[in-house]
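Heads up, the sequence shown is in the working numbering, so the first residue is 960 and it goes up one at a time. The structure appears below as structure tokens.
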Amino acid sequence: MLEDHATAASSPTAWPAAYPKGYAVVDVETTGLARDDRIISAAVYRLDARGEVEDHWYTLVNPERDPGPVWIHGLTSEMLEGAPLFGDIAEEFSSRLADRVLVAHNAVFDWQMIAREYARAQREAPVRQRLCTIALSKELGLPLPNHKLESLAAHFGVVQRRAHHALDDARVLAEAFRPSLRTAAAGGLRLPLHECRPLTEWADGPAPRIGRQGGGYGGYRPGSWRPSRRRPACPYPNPGRYEEGKRLKQGMRVAFSGDTSVDRELLEDRATEAGLHVATSLSRLTSLLVTNDPDSGTSKAVKARQYGTPVVDEAAFGQLLRDVEPAAEHLLGGR
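Encoded structure:
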């Protein structure tokens, strides 16, 4: 398998005309994984159409809060206190991303963190498509033991010097992406590109801030950087599946999948306030799946196709939320 990929990558071939004209290989380090976590460093390697490096850029970012898992990224409060705020580097970051496909390892995470930071700064990230190198390695059928960046790097003989340092992670990914891209081109493979929808609304909850004393952790508790948010149980019984052309009914089980232009938790909050049951997984009892990419390979989208669960996009769901049928009406009507 290795030999086949090496041969394909080095063979001269006509480059697919539909391929992007440039890429921005990105890595961000963050204070955690939750919606209110912040970027603390970012790196971008700009590549041309064939994956050759044009330049690279790196910056620290002051998250205005505790740095989170210092034992992973190595960035302390003292190191970040004098760093620029995201709003200060947003324009430079934009110039690195503009007119390019964002490439990252587990790209949906990097994209969501970036989109949230831009929304906080009341700006919009100039990104319209992303490419996940995990998805690309699956499309190529690379014989990897797992989908960690270190495994992808080892497959292509790329040496990592500083894991979880944004600049080195971006370099490693750029070096592994180049042969992946060439192999895909040689085989005429359609790249797994996904649309990026910038956030149009944002609301942060309270977060511990970096103290002037430089204590390093402040109010941070190890293990608190991956919180699960518990909503009150829906008080209404599930009336069944949504039917196209009709109203949503209170008690319907609604699941969400993929990127949304309004932050996911804001959408979920609105659904809960309307009397819907927000489901974290999809089952045969799910009334509706909301996704902007129904043909994606997410587990929810796959199950929706298997179960025949109705699917609507974010815009249609927003319209439906304006007129949700009260539980009393459909309960009385069914007796």
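Think of the CB as a built atom: it goes at the ideal place given N, C-alpha and C, for glycine as much as any other residue.
Near residue i, which residues of its chain fall below 7 Å by C-beta distance, leaving aside the five closest residues on each side in sequence?
{"i": "A1074", "result": "A1084, P1157, L1158"}
{"i": "N1065", "result": "C1091, I1093"}
{"i": "G1226", "result": "Checking the displayed sequence, the identity of residue 1226 turns out to be Leu instead of Gly. Hits under 7 Å: F1215, T1219."}
{"i": "V1012", "result": "Y1004, L1006, A1133"}
{"i": "M1072", "result": "V987, T989, I998"}
{"i": "P1198", "result": "K1208, G1210, M1211, H1289"}
Ordered along the chain, which non-local residues of its own chain (more than five positions away) have a Cβ less than 8 Å from that of residue i?
{"i": "V1283", "result": "R1206, L1207, K1208, Q1209, A1233, G1234, L1235"}
{"i": "L1152", "result": "P979, V1060, Q1088, R1089, L1090"}
{"i": "C1155", "result": "L1061, W1070, A1074, A1084, V1086, R1087, Q1088, R1089, D1218"}
{"i": "T1239", "result": "A1214"}
{"i": "R1168", "result": "Residue placement at R1168 cannot be trusted, given a pLDDT of 43 that sits under 50; the coordinates are not used to answer."}
{"i": "Q1278", "result": "none"}
Report the three-state DSSP secondary structure of residue i (helix, strand or coil).
{"i": "S1240", "result": "coil"}
{"i": "E1232", "result": "helix"}
{"i": "K1208", "result": "strand"}
{"i": "L1077", "result": "It is worth fixing the name first, because residue 1077 is Tyr in this sequence and not Leu. Of the three classes helix, strand and coil, the one that applies to Y1077 here is helix, per DSSP."}
{"i": "F1115", "result": "coil"}
{"i": "G1277", "result": "helix"}
{"i": "L992", "result": "coil"}
{"i": "H1032", "result": "helix"}
{"i": "A1057", "result": "coil"}
{"i": "Y978", "result": "coil"}
{"i": "Y1201", "result": "coil"}
{"i": "S1216", "result": "strand"}
{"i": "Y1017", "result": "strand"}
{"i": "D1272", "result": "coil"}
{"i": "S1139", "result": "helix"}
{"i": "A1063", "result": "strand"}
{"i": "V1249", "result": "strand"}
{"i": "L1006", "result": "strand"}
{"i": "E1154", "result": "strand"}
Compute the beta-carbon to beta-carbon distance between residue i and residue j, rounded to the nearest angstrom, for a pair I have assumed lies under 8 Å.
{"i": "D1228", "j": "E1160", "result": "The Cβ separation is near 11 Å, so there is no contact."}
{"i": "G1010", "j": "L1140", "result": "4 Å"}
Going along the chain, which residues of its own chain have a beta-carbon closer than 6 Å to the beta-carbon of residue i, five neighbours each way excluded?
{"i": "P979", "result": "V1060"}
{"i": "A1135", "result": "L1111, A1112, F1115, V1117"}
{"i": "W974", "result": "A1144"}
{"i": "Y1017", "result": "A1002, L1126"}
{"i": "R1137", "result": "G1010"}
{"i": "D1358", "result": "Because the chain in this structure spans residues 960 to 1294, residue 1358 falls outside the shown range and cannot be described."}
{"i": "D1272", "result": "N1251"}
{"i": "Y1266", "result": "R1243"}
{"i": "T1268", "result": "T1245, L1248"}
{"i": "S1183", "result": "Only weak support is given to the placement of S1183: the predicted model assigns it a pLDDT of 34, under 50, and the value that follows is read from those uncertain coordinates. Hits under 6 Å: none found."}
Can the beta-carbon of residue i be found less than 7 Å from the beta-carbon of residue j?
{"i": "R1055", "j": "V1003", "result": "yes"}
{"i": "V1237", "j": "T1245", "result": "no"}
{"i": "A1112", "j": "Q1119", "result": "yes"}
{"i": "K1262", "j": "L1247", "result": "no"}
{"i": "V987", "j": "I998", "result": "yes"}
{"i": "A1286", "j": "Y1201", "result": "no"}
{"i": "A1042", "j": "L1019", "result": "yes"}
{"i": "H1032", "j": "H1123", "result": "yes"}
{"i": "R1024", "j": "D1014", "result": "no"}
{"i": "T1035", "j": "L1099", "result": "no"}
{"i": "F1215", "j": "V1270", "result": "no"}
{"i": "L1044", "j": "P1026", "result": "no"}
{"i": "E920", "j": "R1082", "result": "With the chain represented from 960 up to 1294, any question about residue 920 goes unanswered, as that position is not in the structure."}
Would you call residue i buried or exposed, if buried means 16 or more other Cβ atoms sit within 10 Å of its Cβ?
{"i": "N1021", "result": "buried"}
{"i": "S1258", "result": "exposed"}
{"i": "D1218", "result": "buried"}
{"i": "R1185", "result": "Confidence at R1185 is low in this model, with a pLDDT of 35, below 50, so the placement of that residue should be treated as unreliable; the coordinate-derived value is given next. By the neighbour-count rule (16 or more Cβ atoms within 10 Å), R1185 is not buried but exposed."}
{"i": "A1254", "result": "It should be noted that the sequence gives Asp, not Ala, for residue 1254. The residue in question, D1254, is exposed, as its Cβ has fewer than 16 Cβ neighbours within 10 Å."}
{"i": "E1109", "result": "exposed"}
{"i": "A1057", "result": "exposed"}
{"i": "A1192", "result": "exposed"}
{"i": "T1092", "result": "buried"}
{"i": "E1076", "result": "buried"}
{"i": "A976", "result": "exposed"}
{"i": "D1007", "result": "exposed"}
{"i": "R1130", "result": "buried"}
{"i": "G954", "result": "An answer regarding residue 954 cannot be provided, because it is not within the stretch 960 to 1294 covered by the chain."}
{"i": "G991", "result": "buried"}
{"i": "P1104", "result": "exposed"}
{"i": "R1121", "result": "exposed"}
{"i": "R1243", "result": "exposed"}
{"i": "A1274", "result": "exposed"}
{"i": "A1162", "result": "exposed"}
{"i": "P1028", "result": "buried"}
{"i": "R1212", "result": "buried"}
{"i": "P1102", "result": "exposed"}
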